[in-house]
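There are 2 protein chains.
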Amino acid sequence: MPRNKGFVLASRPKGEANASNFRLIEQDVGEPGEGQVLVKHHYLSLDPYMRGRMDESKSYAASQKIDDVMIGGTVGEIVASKNPNFKVGDHVVDANGGWQLYKLSDGKSLNKIDTSRVPIQAFVGALGMPGVTAWYGLNKIIAPKKGETVVVSAATGAVGSIVGQLAKGKGARAVGIAGGPDKCKYATDELGYDVCVDHRAPDFAEKLKAALPDGVDGLFENVGGQPFALTTRRLNAFARIAICGLIASYEGKEKSSLEDVRVLLVNRAKIEGFIVSDHLALWPEALKELIELAATGKLKWKETVAQGLESAPEAFFGMLKGKNFGKQLVKLI
Amino acid sequence: MPRNKGFVLASRPKGEANASNFRLIEQDVGEPGEGQVLVKHHYLSLDPYMRGRMDESKSYAASQKIDDVMIGGTVGEIVASKNPNFKVGDHVVDANGGWQLYKLSDGKSLNKIDTSRVPIQAFVGALGMPGVTAWYGLNKIIAPKKGETVVVSAATGAVGSIVGQLAKGKGARAVGIAGGPDKCKYATDELGYDVCVDHRAPDFAEKLKAALPDGVDGLFENVGGQPFALTTRRLNAFARIAICGLIASYEGKEKSSLEDVRVLLVNRAKIEGFIVSDHLALWPEALKELIELAATGKLKWKETVAQGLESAPEAFFGMLKGKNFGKQLVKLI
Chain A
1 MPRNKGFVLA SRPKGEANAS NFRLIEQDVG EPGEGQVLVK HHYLSLDPYM
51 RGRMDESKSY AASQKIDDVM IGGTVGEIVA SKNPNFKVGD HVVDANGGWQ
101 LYKLSDGKSL NKIDTSRVPI QAFVGALGMP GVTAWYGLNK IIAPKKGETV
151 VVSAATGAVG SIVGQLAKGK GARAVGIAGG PDKCKYATDE LGYDVCVDHR
201 APDFAEKLKA ALPDGVDGLF ENVGGQPFAL TTRRLNAFAR IAICGLIASY
251 EGKEKSSLED VRVLLVNRAK IEGFIVSDHL ALWPEALKEL IELAATGKLK
301 WKETVAQGLE SAPEAFFGML KGKNFGKQLV KLI
Chain B
1001 MPRNKGFVLA SRPKGEANAS NFRLIEQDVG EPGEGQVLVK HHYLSLDPYM
1051 RGRMDESKSY AASQKIDDVM IGGTVGEIVA SKNPNFKVGD HVVDANGGWQ
1101 LYKLSDGKSL NKIDTSRVPI QAFVGALGMP GVTAWYGLNK IIAPKKGETV
1151 VVSAATGAVG SIVGQLAKGK GARAVGIAGG PDKCKYATDE LGYDVCVDHR
1201 APDFAEKLKA ALPDGVDGLF ENVGGQPFAL TTRRLNAFAR IAICGLIASY
1251 EGKEKSSLED VRVLLVNRAK IEGFIVSDHL ALWPEALKEL IELAATGKLK
1301 WKETVAQGLE SAPEAFFGML KGKNFGKQLV KLI
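These protein sequence lines map, in sequence, to chains A and B.
The first sequence begins at 1 in our numbering and counts up one residue at a time.
The second sequence begins at 1001 in our numbering and counts up one residue at a time.
Next comes the structure, spelled out in structure tokens:
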């Protein structure tokens, strides 16, 4: 019988998360009971929202419980089945497979995936939660018109990279904000952003202003902090801001404030926070569009892959600091 | 020939507006030319938006021009007509009759009004721009469900008093914020608010908290400043905030900030600024509903009436400080 390994939440972070907040556990995986399957995970997805769950403070979902396996999306394959809906060899995505090698499941949280046209790990990235998040915020909140300017922070991240490409597909001008010249180069050369501004550059404020000669019609916000404050000073009439994440504020380091709400009144602008799991009904529509784009080479993404379950905590801390480039994965096999 | 008197903008305010910013002018009214009418104004409406127009800074509309008659809604009667659409004695509302006794008009900005069921001045108040503003923000942005809590700042003002009554009509719990015990008493005893909190009371923060045991689902914001900051700390999931005005910030005295945008993400909440003139297509629908409510005694309002054109500047300054109680009018005849 194979052994399962996983990380549980050992303690809640005070400020920055660190290794002491996680504990590695190991145990037998057990046999599937009637109606159950055993899933062997191939990839674990690491995402910024996990940091929010580690806190006790009110968030959009219940806190991660202490001593429970850390929440996390996974892709994998069925290796044993006593459930008629799944057979050995089926590939599946699990919105909460967790930070672990195996999972016994009743199948309710599993969705079968077709990996014949796209690699399996895309189903926790561009064709999974991050991709559908991008699709929802861009299409349902920002809804850009041709020629409008859409700003995307964390422009090369798992969500942002998809937002930029979808915005271009709608005929909008896409302006990325990313950390460092390599990411900015990738944003313009590979993802198709019209321009990308490096928020680590000393002249960031000037460069951002220069990148927005026609103001801002849409803002897809993944980061918050100072870039958010600067961008919201340049809103156009009827601007729409989708708040998807505020990673700059997650560890209490930098506040994300709207200094002067009058900018919303003057511009009749809208700011809306959202989380994709509130909109599951739209998932199939979004996924169909994203899979078609991906399978025909019209949707690109980059991955940063950490090798082995044990590397998950360090990879997670790095992602919170923007060290990853594109979708952060942990390869478990 | 009657003489026209009016106020023009003499200079832009630095900080608080004062008497030196206006200049009284007097001239012959002139005869209507072909296609024109002469309107004798009965009432001038004074509204907070006028303060924004006096500034040069970017606002939702062009600045009021120096030496032009001050912008302002009026109701009056046709006293001479060379336009087949209007006859002498017709009552009309003019979205920009201006701070003056008479106006020569080509009729394009005039709408005939039926004053048989409601008093004429209601058409610049509950049945005019303030009423339709209340209707739009409440129904199209907040859209309260039965049992939800809706907070209204400037709860007894021209807009707020209508918002509270419409919210109650939708089965929501209406919580008012107003300045002073008299306004608060009027809000609960006459307008039907479930509770009203006095923002001038020393224990305002505690009282507001106590008034919101189930949090905030909708906020109709007319004021901004500290009450806005305190109310937005108590948002529920999927809360909707309509930004109609930020009078606390208009003279540069108090900033209206959203301290932590994360509250929008955590609650998947929305903040939207609006101005009713962007939604003229909905005006007839709104007005029909409001007139019916008013004519059948289901919509109440209060008026503060200043007597005579010359009293307009002082009445305007008082309104910006919240000295009016209900709709601020100037009676011109």
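Ideal Cβ positions, reconstructed from N, Cα and C, are used throughout, including at glycine.
Should B/V1261 be flagged as near chain A, meaning a C-beta pair shorter than 8 Å?
-> yes
B/Q1100, buried or exposed, once every other Cβ within 10 Å from all chains shown has been counted against 16 = Buried, because 16 or more other Cβ atoms sit within 10 Å of the Cβ of B/Q1100.
Consider the Cβ of B/D1257: report whether some Cβ of chain A lies at a distance smaller than 8 Å.
-> For the record, residue 1257 of chain B in the displayed sequence is Ser; it is not Asp. It does: the Cβ of B/S1257 has a partner Cβ on chain A nearer than 8 Å.
N- and C-terminal bounds of the beta strand (DSSP E) containing A/L230 = Not the beta strand (DSSP E): A/L230 falls in the alpha helix (DSSP H), residues 225-232.
Could you give the DSSP three-state label for B/A1134: helix, strand or coil?
-> helix
Cβ atoms of B/L1309 and B/V1276: under 8 Å apart, would you say?
-> no
Measure the CB-CB distance between B/K1082 and B/G1035 and report whether it falls below 8 Å.
-> yes
Three-state secondary structure (DSSP) at B/Q1165?
-> helix
What did DSSP end up calling B/Y1186 once you bin it into helix, strand or coil?
-> helix
Local conformation of B/F1274 per DSSP, three classes | coil
Between the stretch 1098-1116 of chain B and the stretch 1038-1048 of chain B, do three or more beta carbon pairs fall short of 8 Å?
-> yes
Can you find a heavy atom of the ligand NAD that lies under 7 Å from the Cβ of A/V8?
-> Absence of the ligand NAD from the depicted structure is noted, as is the absence of any ligand whatsoever, leaving it without description.
Measure the CB-CB distance between B/S1109 and B/D1090 and report whether it falls below 8 Å.
-> no
Burial state of B/M1001, where buried means 16 or more other Cβ atoms lie within 10 Å | exposed
Within 10 angstroms of its Cβ, does B/I1333 collect 16 or more other Cβ (buried), or is it exposed?
-> exposed
Rounded to a whole number of angstroms, what is the C-alpha to C-alpha distance between B/F1228 and B/A1174?
-> 16 Å
At a Cβ threshold of 8 Å, is B/F1274 touching chain A?
-> yes
Assigned secondary structure, A/E303 (DSSP; H/G/I helix, E/B strand, else coil) = strand
Are any of the Cβ atoms in chain A nearer than 8 Å to that of B/N1111?
-> no
How big is the Cα-Cα spacing for B/G1239 and B/G1273?
-> Per the sequence presented here, residue 1239 of chain B reads as Ala, with Gly not at that position. Computed Cα separation, rounded: 14 Å.
Beta-bridge pairing of B/L1235 - partner residues as DSSP gives them | Note: B/L1235 sits in a beta bridge opposite B/V1216.
Quick one: using the 10 Å Cβ neighbour count with 16 as the cut-off for buried, is A/A172 buried or exposed?
-> buried
Should A/E221 go down as buried or exposed, given a rule of 16 or more other Cβ atoms within 10 Å for buried?
-> buried
How many angstroms separate the CA atom of B/E1190 from the CA atom of B/A1134?
-> 18 Å
Of all the CB atoms in chain A, is at least one closer than 8 Å to the CB of B/L1385?
-> Past the boundaries of the shown model lies residue 1385 of chain B; chain B is included only from 1001 to 1333, so the question cannot be answered.
With DSSP as the reference, please indicate the residues paired to A/R173 in a beta bridge.
-> A/T149
Under 8 Å between the Cβ atoms of B/A1155 and B/G1128?
-> For the 8 Å CB-CB criterion, B/A1155 and B/G1128 do not form a contact.
Are A/G147 and A/V69 closer than 8 Å when you measure CB to CB?
-> no
Do you know offhand how far B/A1143's Cα is from B/T1149's?
-> 11 Å
Could you name the residues of the same chain whose beta carbon sits closer than 7 Å to that of B/A1248, not counting the 5 residues immediately before and after it, in chain order?
-> V1223, G1224, G1225, E1254, S1256
Coarse secondary structure for B/S1109, derived from DSSP in three states | coil
Taking A/V79 as part of the beta strand (DSSP E), name the residues at either end of that continuous run.
-> 74-81
Where B/K1327 falls, given that 16 or more other Cβ within 10 Å makes a residue buried = buried
Excluding sequence positions up to five away, which residues of its chain have a Cβ less than 7 Å from the Cβ of A/A126?
-> I162, L290, A294, L299, W301
How many angstroms separate the CA atom of B/Q1027 from the CA atom of B/K1288?
-> B/Q1027 and B/K1288: Cα-Cα distance of roughly 38 Å.
Chain-ordered chain B contacts of A/L46 [CB-CB under 8 Å] = Here the premise fails: no neighbours, minimum Cβ distance about 19 Å.
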